[in-house]
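S.K.:
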Amino acid sequence: MEILGLYNYWVFAVLLMTGFYAVIAKRNLVKKLIGLSLFQAAVFLLYITMGKVDGGTAPIFSGSDTTIFSNPLPQVLILTAIVVGISTTALGLGIIVRLKEEYGTIEEHEIQEIDER
Amino acid sequence: MLVAPLVILLRPRGLAWAACTMASLLTFAIAIQLVQGVLDVGPAGYLMGSWPAPYGIELKVDAFSALLLLVITGASVFTLVSGRESLDAQIDAGRQPYFYASWLLALAGLSGIVVAADAFNIFVFMEISSLASYVLIAGGPDRRALPSVFKYLIMGTIGATFYLIGVGLIYMMTGTLNLGDMELRIHAVADQRPILAAAGFITVGLALKAAIFPLHVWLPNAYTYAPHMVTAFLAACATKVSLYILLRFDFFVFQDNLAGHAFQFAAYLMPLAILGILVGSAVAMFEKNIKRLLAFSSIAQIGYMMLGASLVTVAGLTAGIVHIFNHALAKGALFLAVASFATVAAGLRLDDLKGIARRMPWTFGAFVIAALSLIGIPGTAGFVSKWYLISAAMELGTAGLPLVAVILVSSLMAVVYVWRIVEAACFAEAAVEPASPAGVPPLLVATLWLAAALNIYFGLVPDLPLTLSGDAAAELLDHLP
Chain Y
124 MEILGLYNYW VFAVLLMTGF YAVIAKRNLV KKLIGLSLFQ AAVFLLYITM GKVDGGTAPI
184 FSGSDTTIFS NPLPQVLILT AIVVGISTTA LGLGIIVRLK EEYGTIEEHE IQEIDER
Chain H
9 MLVAPLVILL RPRGLAWAAC TMASLLTFAI AIQLVQGVLD VGPAGYLMGS WPAPYGIELK
69 VDAFSALLLL VITGASVFTL VSGRESLDAQ IDAGRQPYFY ASWLLALAGL SGIVVAADAF
129 NIFVFMEISS LASYVLIAGG PDRRALPSVF KYLIMGTIGA TFYLIGVGLI YMMTGTLNLG
189 DMELRIHAVA DQRPILAAAG FITVGLALKA AIFPLHVWLP NAYTYAPHMV TAFLAACATK
249 VSLYILLRFD FFVFQDNLAG HAFQFAAYLM PLAILGILVG SAVAMFEKNI KRLLAFSSIA
309 QIGYMMLGAS LVTVAGLTAG IVHIFNHALA KGALFLAVAS FATVAAGLRL DDLKGIARRM
369 PWTFGAFVIA ALSLIGIPGT AGFVSKWYLI SAAMELGTAG LPLVAVILVS SLMAVVYVWR
429 IVEAACFAEA AVEPASPAGV PPLLVATLWL AAALNIYFGL VPDLPLTLSG DAAAELLDHL
489 P
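Shown next, in the form of structure tokens:
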């Protein structure tokens with residue numbers, strides 16, 4: 124029961140490691156960025172999961188005193204973190220575009236070879 | 009930060025730089041006032057929107073923050089004021105407004121980190137400053153900056169995300185993000201696994217950003233291929249700020265709450281600090297590019313700061329924190345000198361710099377003074393921090409002797425790599441006569457000499473940084489039982 128109840132956290136761990144693996148092991152720069160996005164998405168899942176209150180609903184005050192609401196703070200934190208993630212991805216992609224212009228390739232090992240010449 | 013969007017609209021070349029410099033000077037003036045305030049009165053706080061903490065977001069300036077604010081804004085002012093021609097030469101006119109806007113964003117982000125008293129705010133400002141600095145580093149003409157900045161982006165984002173995971177785990181267990189509140193609440197849940205995991209995540213994440221060995225690999229390339237003024241600015245403050253967050257988090261939140269944490273902190277970070285010092289200095293001895301040499305030297309210096317902090321005593325922390333200040337002065341001056349070499353020399357490898365001392369005696373003199381401060385010769389600011397570091401290590405008794413040995417050996421290595429530069433510059437014959445007779449901008453030389461003179465001033469009269477560091481160390485340690 125414990126393991127099934129913690130399902131979200133398992134998914135978080137799997138996504139985290141998948142993203143991290145992609146960042147380290149892939150040689151194509153775009154694939155690295157995709158790994159990074161996956162990595163960050165895992166963190167979002169962690170935050171949202173911890174914010175959910177048992178039986179809680181969306182945290183928009185409806186005037187009733189007896190509704191249970193989920194914790195809104197993690198949701199707000201994640202909005203901010205998503206924006207940060209988007210900016211990072213956008214910047215990364217911009218750098219990749221420039222890299223392609225300058226080096227003609229977006230494979231990490233080829234760029235290294237060009238630089239060493 | 010408000011000026012940044014306006015700067016983008018300023019198309020005429022000179023204006024973007026002028027607006028950026030004005031904003032920097034303003035922040036520097038504010039930083040000086042804050043330092044005065046903190047020295048006279050004590051920590052100052054501000055509640056955003058007047059929501060009381062811990063519900064609201066709090067900004068707090070205490071001795072540690074004030075010192076770092078001084079370093080950050082001072083570095084920005086020095087590099088901007090002196091760097092106009094150097095930046096003009098290295099950055100396309102069309103891109104300049106964006107470049108200066110990013111500079112202001114980086115400045116705002118870094119300053120924001122040191123005044124925020126709220127864990128998530130720190131993350132937001134940390135990412136603002138990181139993203140802006142990626143733009144700054146990639147702004148120069150050298151295309152090798154691009155793969156370096158991509159690597160820095162990946163590693164930096166992983167570091168920040170680890171920090172975010174750590175903060176999330178702590179929030180899960182304590183229900184608060186305010187650092188002061190966290191400290192109170194964490195007592196109840198101290199030894200449970202999420203908190204321990206959080207401590208690990210936060211430490212590793214911030215160590216990545218602070219370039220602590222072995223997570224330092226992004227630093228040499230990023231510093232080498234960035235525009236010279238950007239290197240001067242970032243070398244003086246970027247990694248130190250991550251170190252600041254690490255120390256604050258650790259001492260405020262974790263230290264007295266996790267059993268044996270003080271010992272674990274020292275046990276993990278001291279060997280890494282020592283390795284950083286030795287490896288950084290050793291590689292610097294063999295480097296051929298002067299910027300890369302100084303970048304590896306930076307890794308070693310960050311090792312000194314970590315070494316002081318990992319001693320977990322007042323003397324050790326004071327040494328580490330005062331070294332933040334002194335290293336910023338020394339490295340900032342050194343990179344300003346490198347920028348002026350770049351206006352005259354063909355390239356920045358030691359071979360290209362042969363004989364440059366004869367052509368630019370004043371600049372090289374200032375370089376030597378700053379380099380002496382890096383080595384730690386008595387009379388310069390670097391000596392003060394090394395002295396404190398050695399006294400702190402001696403306090404440990406015989407256990408401290410290997411540390412003293414490490415510090416002395418690395419200082420000797422610093423002498424070696426500084427001497428290689430001096431030898432190439434003074435005693436070697438210039439291979440080819442330089443093509444450009446354009447002189448070094450006078451403002452650059454003037455600022456460079458000011459920075460070098462400050463090295464000596466703070467070496468002989470170290471009251472200001474020492475008082476601030478002592479206060480900061482005492483505050484950090486106050487939170488220990």
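Top line first, the protein sequences correspond to chains Y and H. Take the position in the first sequence, starting the count at 1, then add 123; the result is the number in this note's numbering. Take the position in the second sequence, starting the count at 1, then add 8; the result is the number in this note's numbering. All C-beta atoms, glycine included, are put in the ideal place defined by N, C-alpha and C.
1) Hey, is H/S399's beta-carbon within less than 9 Å of any beta-carbon in chain Y?
2) Is H/N490 helix, strand or coil by DSSP?
3) For H/L537, tell me which candidate among H/G316, H/F128, H/S84 has the shortest Cα-Cα distance.
4) By DSSP, does H/A124 sit in helix, in strand, or in coil?
5) Are the CB atoms of H/G6 and H/S138 nearer to each other than 9 Å?
6) Mind checking if Y/E236 is an interface residue toward chain H, Cβ cutoff 9 Å exclusive?
7) For H/N186, which beta-bridge partners are listed by DSSP?
8) Within the chosen definition, does the segment 186-199 of chain H reach the segment 119-136 of chain H through at least 3 CB pairs nearer than 8 Å?
9) Excluding five sequence neighbours on each side, which residues of the same chain lie with their C-beta closer than 7 Å to the C-beta of H/L472?
10) In the DSSP output, which residue or residues are listed as bridge partners for Y/E230?
11) Please classify H/D360 as buried or exposed, where buried requires at least 16 neighbouring CB atoms within 10 angstroms.
12) How about Y/T211: is its C-beta nearer than 9 Å to some C-beta of chain H?
13) Can you give me the C-alpha to C-alpha distance between H/L358 and H/V346, rounded to a whole angstrom?
14) Is there a Cβ of chain H sitting closer than 9 Å to that of Y/M140, yes or no?
15) Residues of the segment 154-177 of chain Y with a CB closer than 7 Å to any CB of chain H: list them in chain order, please.
16) Taking the C-alpha atoms as reference points, what is the distance between H/A461 and H/L302?
17) Just the C-alpha distance for H/E191 and Y/S160, rounded to the nearest angstrom, thanks.
18) Residues of chain H with CB closer than 8 Å to the CB of Y/V146, please, in chain order.
19) Where does H/E135 land, buried or exposed, given buried means 16+ other C-beta within 10 angstroms?
20) Can you tell me which of the three DSSP states Y/R240 falls into?
21) Starting from the C-beta of Y/L168, find all residues in its chain whose C-beta is less than 8 Å away, skip the five residues before and the five after it, and write them out in chain order.
22) Pull up the CB-CB distance for Y/L214 and H/Y142, whole angstroms please, since I reckon it's below 8 Å.
23) Does chain H have any CB closer than 9 Å to the CB of Y/G227?
24) Skipping 5 residues on each side, what residues in its chain have a beta carbon closer than 8 Å to that of H/T406?
25) Note down, in chain order, all residues in the segment 133-161 of chain H with a beta-carbon under 8 Å from any beta-carbon belonging to chain Y.
26) Taking 9 Å as the threshold (beta carbon to beta carbon), is Y/I218 in contact with chain H?
27) Given that a residue counts as buried once 16 or more other Cβ atoms are within 10 Å of its Cβ, and exposed if not, what is H/D100?
28) With a threshold of 9 Å between beta-carbons, can H/L185 be considered close to chain Y, or not?
29) Just to confirm, are H/A341 and H/L456 a CB contact at a threshold of 9 Å?
30) Look up H/T321 in the DSSP assignment and say whether it is helix, strand or coil.
31) With H/P235 as the anchor, note down where its alpha helix (DSSP H) starts and where it stops.
32) Quick one: residues in its chain with C-beta nearer than 6 Å to the C-beta of Y/K149, no 5 flanking neighbours on either side, listed in chain order?
33) Just grab the DSSP bridge partners of H/R357 for me.
34) Can you check which of these residues, H/K68, H/A140, H/L88, is closest to H/Y106 by C-alpha distance?
35) Return no unless some Cβ of chain H is closer than 9 Å to the Cβ of Y/R221.
36) What does the Cβ neighbour count give for Y/K175, buried or exposed, with the cut at 16 atoms within 10 Å?
M.R.: So, to answer that:
1) In the second sequence, residue 399 of chain H corresponds to position 391, counting from 1. It does not; no Cβ of chain Y falls within 9 Å.
2) Any answer about residue 490 of chain H is impossible in this case: the structure gives chain H only from 9 up to 489.
3) Any property of residue 537 of chain H remains undetermined from this structure, which presents chain H solely from 9 to 489.
4) Residue numbering aside, residue 124 of chain H sits at position 116 when the second sequence is read from its first letter. H/A124: strand per DSSP, three-state reduction.
5) Chain H is shown only over 9 to 489; residue 6 of chain H falls outside these bounds and no answer can be derived.
6) Position 113 of the first sequence, counted from the start, is the residue given in the question as residue 236 of chain Y. Chain H, which has no Cβ nearer than 9 Å to the Cβ of Y/E236, makes this no.
7) What you label residue 186 of chain H is simply residue 178 of the second sequence in a count that begins at 1. According to DSSP, H/N186 bridges with H/D126.
8) yes
9) Looking up residue 472 of chain H in the second sequence gives position 464. Excluding positions up to five away in sequence, the list is empty.
10) Start at 1 with the first residue of the first sequence, and residue 230 of chain Y comes out as number 107. Y/E230 pairs with Y/N151.
11) Start at 1 with the first residue of the second sequence, and residue 360 of chain H comes out as number 352. Looking at its Cβ environment, which holds 16 or more other Cβ atoms inside 10 Å, H/D360 is buried.
12) Counting from 1 along the first sequence, the entry for residue 211 of chain Y is found at position 88. So yes, Y/T211 belongs to the interface.
13) Here residue 358 of chain H corresponds to residue number 350 of the second sequence, with the count starting at 1. Here residue 346 of chain H corresponds to residue number 338 of the second sequence, with the count starting at 1. Taking the straight line from one Cα to the other gives about 11 Å.
14) Counted from its first residue, the first sequence places residue 140 of chain Y at position 17. It does not; no Cβ of chain H falls within 9 Å.
15) K155, L159, F162, Q163, V166, L169, Y170, M173
16) Along the second sequence, read from residue 1 onward, the residue named residue 461 of chain H stands at position 453. Along the second sequence, read from residue 1 onward, the residue named residue 302 of chain H stands at position 294. Spanning the two alpha carbons is a distance of roughly 20 Å.
17) On the second sequence, position 183 is the one that residue 191 of chain H refers to. On the first sequence, position 37 is the one that residue 160 of chain Y refers to. So the alpha carbons of these two residues sit roughly 32 Å apart.
18) Counting from 1 along the first sequence, the entry for residue 146 of chain Y is found at position 23. The answer, in chain order, is I162, I166.
19) For this step, residue 135 of chain H is matched to residue 127 along the second sequence. With 16 or more other Cβ atoms within 10 Å, it is buried.
20) The sequence position of residue 240 of chain Y within the first sequence is 117, counting from 1. Coil, per DSSP.
21) Residue numbering aside, residue 168 of chain Y sits at position 45 when the first sequence is read from its first letter. These residues qualify, in order along the chain: N131, V134, F135, L138.
22) Residue numbering aside, residue 214 of chain Y sits at position 91 when the first sequence is read from its first letter. Residue numbering aside, residue 142 of chain H sits at position 134 when the second sequence is read from its first letter. Yes, they are in contact, since the Cβ atoms of Y/L214 and H/Y142 sit about 6 Å apart, within 8 Å.
23) Here the question's residue 227 of chain Y lines up with position 104 in the first sequence. Answer no: the Cβ-Cβ gap between Y/G227 and chain H never drops below 9 Å.
24) As a working note, residue 406 of chain H is residue 398 in the second sequence. Result list for H/T406: empty, nothing under 8 Å.
25) E135, L139, Y142, V143, A146, R151, R152, L154, P155, V157, F158, L161
26) Numbered from its first residue, the first sequence carries residue 218 of chain Y at position 95. Yes, because at least one Cβ of chain H sits closer than 9 Å to the Cβ of Y/I218.
27) On the second sequence, residue 100 of chain H is found 92 positions in, with the first residue counted as 1. So H/D100 ends up on the exposed side.
28) Against the second sequence, residue 185 of chain H aligns to sequence position 177. Yes, H/L185 counts as interfacial toward chain Y.
29) Counted from its first residue, the second sequence places residue 341 of chain H at position 333. Counted from its first residue, the second sequence places residue 456 of chain H at position 448. Contact flag set, yes.
30) Translated into positions along the second sequence, residue 321 of chain H becomes position 313. Coil at H/T321, not helix or strand.
31) Start at 1 with the first residue of the second sequence, and residue 235 of chain H comes out as number 227. Segment: none, H/P235 is in no alpha helix (DSSP H) and carries neither H nor E.
32) The residue labelled residue 149 of chain Y in the question sits at position 26 within the first sequence. Counting only Cβ-Cβ distances below 6 Å, and skipping sequence neighbours, we find K155.
33) Numbered from its first residue, the second sequence carries residue 357 of chain H at position 349. For H/R357, which the question treats as bridged, DSSP gives the partners H/N297.
34) Within the second sequence, residue 106 of chain H is the residue found at index 98, counting from 1. Minimum Cα distance to H/Y106 is reached at H/A140.
35) For the purposes of this step, residue 221 of chain Y is taken as the residue at position 98 of the first sequence. Yes, because at least one Cβ of chain H sits closer than 9 Å to the Cβ of Y/R221.
36) As a working note, residue 175 of chain Y is residue 52 in the first sequence. Exposed, by the Cβ-count rule.
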